[in-house]
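**Student:** Take 2 as the starting number for the sequence shown in my numbering and just add one per residue. Don't be surprised by glycine CBs; every beta carbon is placed ideally from N, CA and C. Source: prediction; values computed, not measured.
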Amino acid sequence: MTEPIVVDFNKPIVVGRELEYMAEAIGFGKISGDGPFTKKAAGLLEEQLGVPRVLLTTSCTHALEMFALLLDIQPGDEVIIPSFTFVSTVNAFVLRGAKPVFADVRPDTLNLDESKLEALITPRTKAIIPVHYGGIGCEMDAILEIAGRHAVPVVEDNAHGLFGKYKGKYLGTFGALAAQSFHETKNFSCGEGGALLINDPKYVERAEIIREKGTNRSRFFRGQVDKYTWVDVGSSYLPSDILAAYLLGQLEQRKKIQSLRRKVWDFYDTALKDWALAHEVQLPHVPAHVEQAYHMFYMLLPTLELRQGLITHLHARGIISVFHYLPLHLSDMGLRFGGQPGDCPVTERVSDQLVRLPFHNALTESEQKKVVDAIREFDF
Ligand SMILES: Cc1ncc(COP(=O)(O)O)c(C=O)c1O
């Protein structure tokens, strides 16, 4: 028998004018891509982040695929990616024939370990893709310095990190390009969605073309050409304006959402600190120069057995916790690219130890208390 769910892992909720905006988009009669709500949502991000151009996409995965097309990744090119990340970070490049070179992560933040980066660069390296894990910024100064010395572009997978900062500057504004996710598990969501942040203006024109099936349709609508036609490779990466309307409603509530999530994060951190210390459990580390995005709360249990035990213990009390990521270099695909056990020891260890606690915009303090009480009952 399955237990009734007492505290769910994720629960997407309406926080502002999402439904009103969706109705308005439908009433307006232009529900395909690049309608008024797409422009408003992208404009909000451009203004808030100070990014020259933001293009909404159908997912973060698709924004990452656009990276690979914009960087002209060719078969045999190498891209450096943390092994501890979601499959889309790597798959977007492998789709173009790239060979992934997996980097290990730092044991404190679980972000790409900048001290291991330079040794992985070869003359075939065409991109470095840091992932701001959990919305906690990577060591961007060191990463950009190394990449700059080797003239390799840095492109950020910022799926978790919207509105987080590193040394006072927004995550997603460091690389030539950055990718955001608006999947239902993220702080801001429209179910499925994403954005491409273009920090280097040289990519703007081609990005518009790639996103519009390889046509110069955007230039046509701006009156810059008198007909639109097929000019490059591309695909269909633009979301419906109905989704953009939902997203705008969420983004407008960014202060409320981030302050709700900060409360959730701080509650777990404070309530679990002494238990964690007594049980050699590692809680997330936020360096002093980083303002995190409050995307998730995870714990590293001492062993795989204890991690699995805790998930089962919580599940028996109706509390849903989850683990991720399996090391990419040891996945079926990773092995095909020559991955070996021991290549990324920190990734291999934390992948066994990590558990994510329920975390969403509707989580109440009483639900959080249930989670904390249940964890405290898990004695070992
Ligand atoms: C680090 C990272 N990159 C990319 C993605 C893909 O995002 P999407 O579902 O919007 O394609 C995810 C999804 O959770 C992710 O965690």
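Could you tell me which whole beta strand (DSSP E) segments of length 3 or greater appear in the stretch 105-159?
**Tutor:** 126-129 and 156-158, all fully within the stretch 105-159.
**Student:** Check whether the Cβ atoms of D344 and G34 sit closer than 8 Å, and answer yes or no.
**Tutor:** No, Cβ-Cβ distance for D344 and G34 is not below 8 Å.
**Student:** Could you work out which residue in P5, E19 and K370 is closest to T271 when comparing CA atoms only?
**Tutor:** Selected option, being the one with the closest Cα: K370.
**Student:** Can you tell me which of L111, Q354 and Q181 puts its alpha carbon nearest to the alpha carbon of L1?
**Tutor:** Since the first residue of the chain shown is 2 and the last is 381, residue 1 is not available in this structure.
**Student:** Would you grab the beta carbon distance between S84 and D105 for me? Rounded to a whole angstrom, and I think it's under 8 Å.
**Tutor:** That pair is a contact at about 7 Å.
**Student:** Using alpha carbons as the reference points, say which of F29, Y22, I376 and E209 lies closest to S322.
**Tutor:** That would be I376, whose Cα lies nearest to the Cα of S322.
**Student:** On the premise that G195 lies in contact with T59, defined as a C-beta separation below 8 Å, what is that separation, rounded to the nearest angstrom?
**Tutor:** Sure, about 7 Å apart at Cβ, within 8 Å.
**Student:** Are the Cβ atoms of L118 and I81 separated by less than 8 Å?
**Tutor:** Against a cut-off of 8 Å, the Cβ pair of I81 and L118 comes out as a contact.
**Student:** Taking 8 Å as the threshold, find out whether the stretch 42-49 comes into contact with the stretch 60-72 through three or more Cβ pairs.
**Tutor:** These segments do not touch.
**Student:** Is the stretch 18-34 close to the stretch 246-265, with three or more CB pairs under 8 Å?
**Tutor:** At 8 Å Cβ cutoff, the stretches touch.
**Student:** Looking at C-beta atoms only, is the number of pairs between the stretch 339-355 and the stretch 297-305 that lie closer than 8 Å three or more?
**Tutor:** Yes: at least three Cβ pairs fall under 8 Å.
**Student:** Could you name the residues that DSSP lists as bridge partners for P83?
**Tutor:** According to DSSP, P83 bridges with A104.
**Student:** Ignore the nearest five residues each way along the sequence and tell me which others in A43's own chain have a CB closer than 6 Å to its CB.
**Tutor:** Taken in chain order, the residues that qualify are V55 and L57.
**Student:** What number of angstroms, rounded off, separates the C-alpha of E386 from the C-alpha of A99?
**Tutor:** Past the edges of the chain, shown from 2 to 381, lies residue 386, and the structure says nothing about it.
**Student:** Nearest-angstrom Cα distance between K274 and G310?
**Tutor:** For K274 and G310, the distance between alpha carbons rounds to 20 Å.
**Student:** Roughly how far, in whole angstroms, is the beta-carbon of F298 from the beta-carbon of L261, given that I think they are within contact range, below 8 Å?
**Tutor:** Incorrect: roughly 13 Å between the Cβ atoms, too far for contact.
**Student:** Grouping DSSP H, G and I as helix and E and B as strand, with all else coil, what is S60?
**Tutor:** Coil, per DSSP.
**Student:** Do G192 and Y167 have their beta-carbon atoms positioned less than 8 Å apart in this structure?
**Tutor:** Not in contact: Y167 and G192 (Cβ atoms no closer than 8 Å).
**Student:** Can you name the residues that DSSP bridges to Q283?
**Tutor:** In DSSP, Q283 forms a bridge with L301.
**Student:** For G335 and S116, I'd like the C-alpha separation in whole angstroms.
**Tutor:** The straight-line gap from Cα to Cα measures roughly 22 Å.
**Student:** Where do the N-terminal and C-terminal ends of the beta strand (DSSP E) with Q181 fall, by residue?
**Tutor:** Unbroken beta strand (DSSP E) run through Q181: L178 to S182.
**Student:** V234 to I211, Cα distance in whole Å?
**Tutor:** Distance between the alpha carbons of V234 and I211: 6 Å.
**Student:** Using three-state DSSP, classify T348 as helix, strand or coil.
**Tutor:** DSSP places T348 in helix when its eight states are reduced to three.
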